[in-house]
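Asks:
Numbering (our numbering), first residue to last: 752 to 991.
Here is the structure:
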């Protein structure tokens, strides 16, 4: 296998993946097939590109574009081993193309790479090891419908990261999303709805004394003046 020439663009969606028979005989471009999702495939390694294209080419739901047509593809798949500066540059370029949504089919994501690709505007991520025909098709159709796709473990990392950003944006007292227990948050929501102590007790099946103690604990711990202050504080900080 010969390596790509150094002078070649690092990522292309060019003609090597087009079937030998002219596409127009079987696959008209998007204006003739409004029901199909148009797809451009980018990869520095032609083997990776051909592998993904072969998976999608037989599916009637998609229409593969090449050459100048790639600029108007509804979805763009970037197929890579990992995320480096060249990949990030391509993703940034695709982000500025309002006609397309970009998905990443990647071998491995190193530390910090998930945040980086999301900042580059990637709408969906699929590991190459999982990139069979059905998953690739699901990725393409989901992006075309405006949805995002992430493997479960990456979604967990993303939520943790977002939670960290949210906590760091809260006030200097160090309040966090975990400051209120579920019971405390439920009671504050009921206070926000205008319920008094007796009504909250009936709603939650706690005694009135317990309700008073819980609400007192909230106001004392967060150094607030009263229930109304606690409700306002919790709302401002996204705690309820």
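Glycine is no exception: its CB is placed at the ideal position from the N, C-alpha and C atoms.
Taking only the alpha-carbon atoms, compute the straight-line gap between residue 787 and residue 885 and give it to the nearest angstrom.
Replies: The residue given as residue 787 occupies position 36 in the chain shown. The residue given as residue 885 occupies position 134 in the chain shown. Looking at the two C-alpha atoms, the distance is approximately 16 Å.
Asks: Got a sec, what are the start and stop residues for the beta strand (DSSP E) residue 983 sits in?
Replies: Here residue 983 refers to the residue found at position 232 of the chain shown. Taken as a continuous stretch (DSSP letters only), residue 983 belongs to no beta strand (DSSP E), being part of the alpha helix (DSSP H) at 978-987.
Asks: Can you list, in chain order, the residues of its chain whose CB lies under 8 Å from that of residue 982, leaving out five sequence neighbours each side?
Replies: Taking the first residue of the chain shown as position 1, residue 982 is located at position 231. Counting only Cβ-Cβ distances below 8 Å, and skipping sequence neighbours, we find 939, 942, 943, 991.
Asks: Tell me the residue span of the alpha helix (DSSP H) that contains residue 875.
Replies: Locating residue 875 in the chain shown gives position 124, counting from the first residue. Counting along the chain, residue 875 falls outside any alpha helix (DSSP H), though it belongs to the beta strand (DSSP E) covering 875-878.
Asks: I believe residue 842 touches residue 853 by the beta-carbon criterion, under 8 Å. Please report the beta-carbon distance rounded to the nearest angstrom.
Replies: Start at 1 with the first residue of the chain shown, and residue 842 comes out as number 91. Start at 1 with the first residue of the chain shown, and residue 853 comes out as number 102. Confirmed, Cβ separation roughly 6 Å.
Asks: What's the call for residue 825, buried or exposed, on a 16-neighbour Cβ count within 10 Å?
Replies: What you label residue 825 is simply residue 74 of the chain shown in a count that begins at 1. With 16 or more other Cβ atoms within 10 Å, it is buried.
Asks: Secondary structure at residue 903, three-state DSSP: helix, strand or coil?
Replies: Here residue 903 refers to the residue found at position 152 of the chain shown. Helix, per DSSP.
Asks: If you compare alpha carbons, which of 814, 790, 950 is closest to residue 855?
Replies: Within the chain shown, numbered from 1, the residue matching residue 855 stands at position 104. The candidate whose alpha carbon is nearest that of residue 855 is 790.
Asks: What's the call for residue 977, buried or exposed, on a 16-neighbour Cβ count within 10 Å?
Replies: By one-based count along the chain shown, residue 977 stands at place 226. Residue 977 should be labelled exposed.
Asks: Tell me the start and end of each unbroken alpha helix (DSSP H) in the region 803-881 that is at least 4 residues and wholly inside, in chain order.
Replies: As far as the region 803-881 is concerned, its whole alpha helix (DSSP H) runs of at least 4 residues are 836-846, 864-870.
Asks: Between residue 858 and residue 832, which are expected to be in contact by the criterion C-beta below 8 Å, what is the C-beta distance as a whole number of angstroms?
Replies: Numbered from its first residue, the chain shown carries residue 858 at position 107. Numbered from its first residue, the chain shown carries residue 832 at position 81. Between residue 832 and residue 858 the Cβ distance is about 4 Å, and since that is below 8 Å, they are a contact.
Asks: Expressed to the nearest angstrom, what Euclidean distance is found between the alpha-carbon atoms of residue 951 and residue 969?
Replies: Reading the chain shown from its first residue, position 200 is the one you call residue 951. Reading the chain shown from its first residue, position 218 is the one you call residue 969. In a straight line, the C-alpha of residue 951 is about 15 Å away from that of residue 969.
Asks: Can you grab the Cα-Cα spacing for the pair residue 834 / residue 907, in whole Å?
Replies: As a first step, residue 834 is located in the chain shown; it is residue number 83 there, counting from the start. As a first step, residue 907 is located in the chain shown; it is residue number 156 there, counting from the start. About 20 Å.
Asks: Return the chain-ordered list of same chain residues with a C-beta closer than 6 Å to the C-beta of residue 810, the five sequence neighbours on each side being excluded.
Replies: Taking the first residue of the chain shown as position 1, residue 810 is located at position 59. Within the same chain, residue 810 has close Cβ partners 888.
Asks: Between 872, 902, 821, which lies nearest to residue 838 when the distance is taken from Cα to Cα?
Replies: As a working mapping, residue 838 is identified with position 87 in the chain shown. Of the candidates 872, 902, 821, the one whose C-alpha sits nearest the C-alpha of residue 838 is 872.
Asks: Near residue 955, which residues of its chain fall below 8 Å by C-beta distance, leaving aside the five closest residues on each side in sequence?
Replies: Sequence index remark: in the chain shown, residue 955 carries index 204 (1-based). Around residue 955: 934, 937, 938, 941, 962.
Asks: Taking Cβ positions, are residue 800 and residue 830 nearer each other than 8 Å?
Replies: The residue labelled residue 800 in the question sits at position 49 within the chain shown. The residue labelled residue 830 in the question sits at position 79 within the chain shown. For residue 800 and residue 830, yes; Cβs fall inside 8 Å.
Asks: According to DSSP, is residue 971 part of a helix, a strand, or is it coil?
Replies: In the chain shown, residue 971 corresponds to position 220, counting from 1. DSSP places residue 971 in helix when its eight states are reduced to three.
Asks: CA-CA distance, residue 807 and residue 945?
Replies: Numbered from 1 along the chain shown, position 56 holds the residue referred to as residue 807. Numbered from 1 along the chain shown, position 194 holds the residue referred to as residue 945. About 56 Å.
Asks: Can you check which of these residues, 805, 967, 971, is closest to residue 882 by C-alpha distance?
Replies: Counting from one through the chain shown, the residue named residue 882 turns up at place 131. With distances taken between Cα atoms, residue 882 lies closest to 805.
Asks: Where does residue 814 land, buried or exposed, given buried means 16+ other C-beta within 10 angstroms?
Replies: The residue you call residue 814 lines up with position 63 of the chain shown. Classification of residue 814: buried, given that the 10 Å Cβ count is 16 or more.
Asks: So what does DSSP say about residue 789, is it helix, strand or coil?
Replies: In the chain shown, counting from the first residue as 1, residue 789 sits at position 38. Residue state, collapsed to three classes: strand.
Asks: Have a look at residue 847 and residue 985 and give me their C-alpha separation to the nearest angstrom.
Replies: To locate residue 847, count along the chain shown from 1; it is residue 96. To locate residue 985, count along the chain shown from 1; it is residue 234. Rounded to the nearest angstrom, the two C-alpha atoms are 38 Å apart.
Asks: Quick one: what's got a C-beta closer than 6 Å to residue 794's C-beta in the same chain, skipping five residues either side?
Replies: Here residue 794 is taken as the residue at index 43 of the chain shown, counted from 1. Here the set comprises 800, 830.
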